[in-house]
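Protein chains: 2
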Amino acid sequence: MAKAEENVYTLASLREHLIRQEDTIIYGLIERAKFPSNSNTYDDKYAQIPGFSGSLVEFVVKNAEDVQAKAGRYTNPKEHPFFPENLPPSNVPSYPFSQFLHPGPASININKSIWKMYFQDLLPLLATSGDDGNYAQTAAADLSLLQAISSRIHYGKFVAEVKFRDAPQDYEPLIRAKDREGVMKLLTFTDVEETVRKRVEKKATVFGQEVSLDSDNDGNGKRKFDPTVASRLYKNWMIPLTKEIEVEYLLRRLD
Amino acid sequence: MAKAEENVYTLASLREHLIRQEDTIIYGLIERAKFPSNSNTYDDKYAQIPGFSGSLVEFVVKNAEDVQAKAGRYTNPKEHPFFPENLPPSNVPSYPFSQFLHPGPASININKSIWKMYFQDLLPLLATSGDDGNYAQTAAADLSLLQAISSRIHYGKFVAEVKFRDAPQDYEPLIRAKDREGVMKLLTFTDVEETVRKRVEKKATVFGQEVSLDSDNDGNGKRKFDPTVASRLYKNWMIPLTKEIEVEYLLRRLD
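First to last, the protein sequences are chains A and B.
Following our numbering, the numbering of the first sequence begins with 1 at its first residue and continues without gaps.
Following our numbering, the numbering of the second sequence begins with 256 at its first residue and continues without gaps.
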């Protein structure tokens, strides 16, 4: 089932998946916003973990990735680790994931940019100031949200491959000319981006509301987070980073 | 802030927290339902992990708990590991979590029952049959949901402590007489349970809907999971297990 589905990627099937990923990202935003900023989670000097040097969030993400690598996560070409160095091999029998991408640019990983954006730009908008001592839980919430954002952005490789296959005659001259701006222009649809941004904000409003049995209160009461954070995340960072992936992928598509 | 809050537990403040935990559990249900059953995740013989004997989900949960233990998760009396044996110590400075519970029964941990319920009862209702190869991601979704369910059920200890402090004259004779049924009767409010069940189903309907910019489609389209699974989870297992915790706690409250 999965294999057949993956072999017939179309813009429509990818779009459906991207829309579902929005929900995962919004749940992740809400769950991280449940905790205050908990700055000790991000302080290199706070924890003293034998054999590890770095912040608690680095410790939790790096170790979670090691465990998930052993459980086969990164054998799926849709998954990208934040700490790819020295990742242990998979210990599960190999699964026939579709090899849809062009081999060279399939390895593009911009998680370093995503990591920086997450901690410098997103987190200060999302988490209210405070400290409740739940640093491990906070780091686990960061891990889930980082993985959801990374997965969504790296999906750009699949989108780029489909766009290329749909119109190689339009892309090939630009790629050969290394015309980065031309490629960017060809894959940019401002009205689609605006639709995504609006839909994400609406979803954040619906999923972030406090639901009670008294219907009159729904949507009017307290919110679990500011829904404009979700649309700003998409507008300012996720859509630009996705397009960056698409351009990088396409520029290497004929290698 | 956190400390002051924890020192003034009341039924109202606990109730607010329990209502927020419903949302976390529903997001967790939706995120697990995103994957098919992926039965290899639960097969003791599927993965060959050096130094580990068990299923992938056991591997992922046990290792995640080890990492989170080092990051201090289980120093919070609200957190309960599924694999408490040989858990490593915390490597973070101790945080002044409120010591609100009575020392003896504070250590009650019924995660073995929760684990059994999750895999035997809940998962077959939640996950559609199929295999997409994403076993590590599936186990990570199980981990988040198991932790959310466990946290909610073990909150029963805090509820029991508040109920005891509010009416020791009602509980003490029953506790001294080891009158399990009497204690159960005293803390059972059928109308409250029914309200919880209804609210959970409504939340599952709202959070599980597919939201689009075309408002007419909202709530009428495809759903991400069957919202009655959430209410059945509460009715058949979460509420009974929470009351089991409350009774166990109270029976040891005068030790």
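The C-beta atom is built at its ideal place from N, Cα and C for all residues, glycine as well.
Problem set entry | Burial state of A/M1 (16 or more Cβ within 10 Å) | The pLDDT assigned to A/M1 is 38, lower than 50, so where the model puts this residue is not dependable; a value taken from the coordinates is nonetheless given after this. Counting Cβ neighbours within 10 Å, A/M1 comes out exposed, since fewer than 16 surround it.
For this session: In angstroms with no decimal places, state the Cα-to-Cα distance between A/P173 and B/Y301.
Result: Across the structure, A/P173 and B/Y301 are spaced so that their CA atoms are roughly 48 Å apart.
Exercise. What does B/K457 reach in chain A if we use C-beta pairs closer than 7 Å?
Worked result: Residues of chain A with a Cβ closer than 7 Å to the Cβ of B/K457 are, in chain order, V211, L213.
Exercise. Looking at C-alpha atoms only, which residue of A/V196, A/I25, A/K203, A/L187 is the closest neighbour of A/L143?
Worked result: Closest by alpha carbon: A/I25.
Exercise. By DSSP, does A/Q48 sit in helix, in strand, or in coil?
Worked result: A/Q48: coil per DSSP, three-state reduction.
Problem set entry | A/F97 and A/N111 closer than 7 Å at C-beta | No, the pair does not count as a contact, with Cβ atoms beyond the cut-off.
Exercise. Do you know how far the Cα of B/V455 is from the Cα of A/L56?
Worked result: When rounded, the distance between both Cα atoms is 34 Å.
For this session: Determine whether the Cβ of A/R223 lies closer than 7 Å to any Cβ atom of chain B.
Result: No, its Cβ sits nowhere closer than 7 Å to a Cβ of chain B.
For this session: Within its chain, find whatever has a CB closer than 7 Å to the CB of B/P291; leave out the 5 residues flanking it on each side and keep chain order.
Result: Hits under 7 Å: A382, T383, S384, G385, D386, D387.
Problem set entry | B/N389 burial status per 10 Å Cβ neighbour count (16 or more: buried) | So B/N389 ends up on the buried side.
For this session: Buried or exposed for B/E340, please, with buried defined as at least 16 other CB atoms from any protein chain shown within 10 angstroms of its CB.
Result: With fewer than 16 other Cβ atoms within 10 Å, it is exposed.
For this session: Residues of the stretch 294–326 of chain B with a CB closer than 7 Å to any CB of chain A: list them in chain order, please.
Result: Correct list: Y301, A302, Q303, I304, L311, F314, V315, N318, A319, V322, Q323, K325, A326.
Problem set entry | Closest Cα partner of A/R20 within the set B/E499, B/K490, B/S486, B/K479 | Closest by alpha carbon: B/K479.
Exercise. Tell me the DSSP bridge mates of A/R223?
Worked result: According to DSSP, A/R223 bridges with A/Q209.
For this session: Rank B/N491, B/Y329, B/F307 by C-alpha distance to the C-alpha of B/E449 and give the top, closest one.
Result: Nearest neighbour of B/E449 by Cα position, chosen from B/N491, B/Y329, B/F307, turns out to be B/N491.
For this session: Quick one: list the residues of chain B neighbouring A/E181, beta-carbon separation under 8 Å, in chain order.
Result: Contact annotation for A/E181 against chain B: no contact, minimum CB-CB distance about 30 Å [criterion: below 8 Å].
Exercise. A/G208: which of B/A267, B/D278, B/L269, B/T265 sits nearest, CA to CA?
Worked result: Closest in C-alpha terms to A/G208, from the list B/A267, B/D278, B/L269, B/T265, comes B/D278.
For this session: Could you please tell me which residues of the stretch 95–112 of chain A, in chain order, have their CB closer than 9 Å to any CB of chain B?
Result: Look at the stretch 95–112 of chain A: the residues with a C-beta under 9 Å from a C-beta of chain B are Y95, P96, F97.
Exercise. Where B/A415 and B/S486 are concerned, what is the direct C-alpha to C-alpha distance, given to the nearest angstrom?
Worked result: Between B/A415 and B/S486, the C-alpha separation is close to 23 Å.
For this session: For B/K245, collect the residues of the same chain with a Cβ closer than 7 Å to its Cβ; drop the 5 residues on either side in sequence, then sort them by chain order.
Result: Residue 245 of chain B lies beyond the residue range present for chain B, which begins at 256 and ends at 510; the question has no answer from this structure.
Exercise. Nearest CA to the CA of B/L509: which residue from B/I494, B/A432, B/L442, B/P348?
Worked result: That would be B/A432, whose Cα lies nearest to the Cα of B/L509.
Problem set entry | Span separating the alpha-carbon of B/I408 from that of A/P168 | C-alpha separation (whole angstroms): 56 Å.
Exercise. For the alpha helix (DSSP H) that A/V61 lies in, which residues bound it at each end?
Worked result: Annotation for A/V61: the continuous alpha helix (DSSP H) segment containing it runs 56–70.
Problem set entry | Selection of the stretch 228–242 of chain A by Cβ proximity to chain B, strictly under 8 Å | If the cut-off is 8 Å between Cβ atoms, the stretch 228–242 of chain A has nothing near chain B.
Exercise. With burial defined as no fewer than 16 other Cβ atoms inside 10 Å of the residue's Cβ, what is the status of B/K477: buried or exposed?
Worked result: It counts as exposed.
Exercise. Less than 7 Å separating the beta-carbons of B/N293 and B/T443?
Worked result: In this structure, B/N293 lies away from B/T443, with their beta-carbon atoms at least 7 Å apart.
Exercise. B/R435 by DSSP, collapsed to three states: which one?
Worked result: DSSP places B/R435 within a helical segment (H, G or I) once states are collapsed to three.
For this session: Indicate whether A/R197 and A/Y234 have their beta-carbon atoms separated by less than 7 Å.
Result: A contact, by the Cβ cut-off of 7 Å.
Exercise. Which residue's Cα is closest to the Cα of B/F338: B/F419, B/V315, B/L468, B/Q375?
Worked result: Of the listed residues, the one whose Cα sits closest to B/F338 is B/V315.
Exercise. Based on Cα-Cα distance, which residue from B/Y373, B/V322, B/V484, B/L269 lies nearest to A/F52?
Worked result: When only C-alpha atoms are compared, the closest one is B/V322.
Problem set entry | Neighbourhood of A/G72 by C-beta, 6 Å cutoff - its chain only, sequence neighbours within 5 removed | Residues of the same chain with a CB within less than 6 Å of the CB of A/G72, apart from the 5 flanking positions on each side, are S90, V92 in chain order.
Exercise. Using the beta-carbon of each residue, which ones in chain B are nearer than 8 Å to A/E172?
Worked result: Close to A/E172, with beta-carbon spacing below 8 Å, lies no residue of chain B; the smallest spacing is near 33 Å.
For this session: Tell me whether B/V438 is buried or exposed, calling it buried when 16 or more other Cβ atoms sit within 10 Å of its Cβ.
Result: With 16 or more Cβ atoms within 10 Å of its Cβ, B/V438 is classed as buried.
For this session: Whole angstroms is fine: what's the gap from A/A136's alpha carbon to A/T41's?
Result: The C-alpha of A/T41 is placed about 8 Å away from the C-alpha of A/A136.
Exercise. Which class does B/M256 belong to by DSSP, given the choice of helix, strand or coil?
Worked result: The predicted model places B/M256 with a pLDDT of 38, which falls under 50 and marks its position as unreliable, so this point remains unresolved.
Exercise. What did DSSP end up calling A/I19 once you bin it into helix, strand or coil?
Worked result: Assignment of A/I19 by DSSP, reduced to helix, strand and coil, places it in the helix class.
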